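Written below as structure tokens is the structure these notes are about.
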Amino acid sequence: FSYFGKLYVSENAILDIIVYILKDFKEVVKLGKSQISIKEEGILVNINLVLRYGENIPRVGLKIQKSLKKELEYITGINVILINIFVYNLKY
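Numbering (this note's numbering), first residue to last: 94 to 185.
Quick look at the structure:
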């Protein structure tokens, strides 16, 4: 990170950031079980979501992926390698 030492960001901290970012998406009803992996190359994210019925799932998914990548990289300074989004239910 720098000559002062290393900076570590926990998986729980990253998940808290994700929860905060997802609050901006009215299409997201619920965040289900999620997995965060921190590798030397960067962060891997798997999140399970419940979306509102009637939303365009591919459009919403891409919008969420782009937002999460941008914000996570900005806030943590760590490269985001992969964000998988699994829509496991729809809410009427």
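All C-beta atoms, glycine included, are put in the ideal place defined by N, C-alpha and C. Please read all numbers here as calculations on a predicted model, not as lab measurements.
CA-to-CA, the gap between V112 and Y96 works out to about 32 angstroms. By the C-beta density criterion, L142 is buried, having at least 16 other C-beta atoms within 10 angstroms. With a cut-off of 8 angstroms on Cβ pairs, the region 125-145 is in contact with the region 166-182, counting three or more such pairs.
Fewer than three beta-carbon pairs drawn from the region 123-131 and the region 149-160 are found closer than 8 angstroms, and the two stretches are therefore not classed as touching. With a beta-carbon spacing of about 4 angstroms, L183 and Y146 fall inside the 8 angstroms limit used to define contacts. Among the bridge pairs identified by DSSP, S130 is matched with L137. The shortest CA-to-CA distance from I168 to any of G98, K119 and A106 is the one to A106. Sorting E148, S130, R152 and F118 by C-alpha distance to the C-alpha of I171 places S130 at the top.
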